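Just remember that my numbering sits 1 ahead of the position in the sequence shown, which is counted from 1. Quick reminder that beta carbons are idealized off the backbone N, C-alpha and C, glycines included. Owing to the predicted nature of the structure, the values given are computational and were not obtained by experimental measurement. These notes are about the structure you will find just below.
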Amino acid sequence: MVTGPLRISEADVEALLDPLALIAAVEAGFAQIEAGIILEPSSTRMNGLDGGDAYVTLYPAHAADGFASAKILAGRPANSALRLPEIDAVVSLVDPQTGRIAALIAARMLTAFRTAALTAAVLRRLMPWTPARIGLIGTGMQALAHGQMLAAAGCASEFLIASARDDAERARKAPEALMVVTSVATQVSAIAEIAATCDVIVTMSLASRPLPLGPLLPNTVIASVGPFYPHAQEIDLAIVRDAAFVVSDHPERLRGQRDGSSVLDVEAMSRVSVADLLSQRVTPPASGIRVFLSDGRAFEDNVAATLVYRAALAQGQGLQLP
């Protein structure tokens, strides 16, 4: 009897993903994409779905020895004023040998986890020492995912967490939520305190204006994972300009987004990719401010979705659709 795809919920994703396995898979994905083992066609975006700023984007990828995938991501920035999620997503996993859809995976948490897995992989190579005091600026799903991944990777001795939007209630609840899933001490903080005292800062906002980071420690490592929208600018571009080292998971797209900047010389921007860093073709300096600019890649969704699907089959999780 032919059955339909396996439906995997957000709760299933959170239960099934093994942090260290995901970090390893995302790292390996960068070598595989360079070798042509994973293909990543161009994404397609439709804007103005609500007559305003709502949009939907399709992100395809195909592993030569595995599954094809397509993530459908829908967003509406105006939702933040309504206290609704700004982004929703689902990944369709396809068996290319049969042409059948193998799984439909809720992908808000999947996206957060694969983003955090790459942050952990990069920070392990940029951090002056581990474990370190890590400041998390953001209190949503990305903060929870980053806390879990960084804790599993042994990067964190302590978390300080602050709301990017100065939401006292969300900031108050965030440490409690994070300590449920990690054993790392976590406390609520302010952005200024994080900037002044943390060795590592992870910014996870969709801010269109730079966060008030203030003076940074001389050897701060910053991971900026929030600039999802082209207009987003959660860290001051002067920090990027003056940094000792800048690495991106998609340098070409980054330069395209920042073309015309009055602060950055786009042509002179660091052309170091995450692939260069992970393969040790490039060695970052041991001192000075180091910046990781995360944009997100479709093949990261593919490797994460494949891990989740195989774990669901092995553990009998998910809902088999007729």
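Look at ASN48 here: in three-state DSSP terms it is strand. VAL185 sits in coil when the DSSP states are folded into three classes, being neither helix nor strand. Between PRO323 and THR99, the C-beta spacing is not below 8 Å.
Each residue's CA atom was taken as its position, placing PHE114 and SER43 some 22 Å apart. Closest in C-alpha terms to VAL292, from the list ALA315, ASP250, VAL304 and ASP302, comes ASP250. Taken in chain order, the complete beta strand (DSSP E) segments of 3 or more residues contained in the region 13 to 76 are 45 to 48, 56 to 64 and 69 to 76. Sequence-distant partners of SER184 (beyond 5 residues in either direction) whose C-beta falls short of 8 Å from its own C-beta, in its chain, are ALA152. One alpha carbon belongs to SER280, the other to GLY37, and they sit about 16 Å apart. With 16 or more neighbouring CB atoms inside 10 Å of its own CB, MET150 falls in the buried class. Scanning its chain for C-beta atoms nearer than 8 Å, with the 5 sequence neighbours on each side dropped, one finds around LEU7 the residues ALA103, ALA104, LEU105, TYR310, ALA313, LEU314, GLY319, LEU320, GLN321 and LEU322, in chain order.
The Cβ neighbour count for GLY155, taken over all protein chains shown within 10 Å, is under 16; the residue is labelled exposed. Excluding the 5 residues flanking it on each side, PRO211 has same chain C-beta neighbours closer than 7 Å at GLN234, GLU235, ILE236 and ASP237, in chain order. A residue is called buried when at least 16 other Cβ atoms come within 10 angstroms of its Cβ; SER164 meets this threshold and is buried. In the DSSP assignment, ARG109 falls within the alpha helix (DSSP H) that extends over 109 to 127. The C-alpha of THR284 is placed about 44 Å away from the C-alpha of GLY53.
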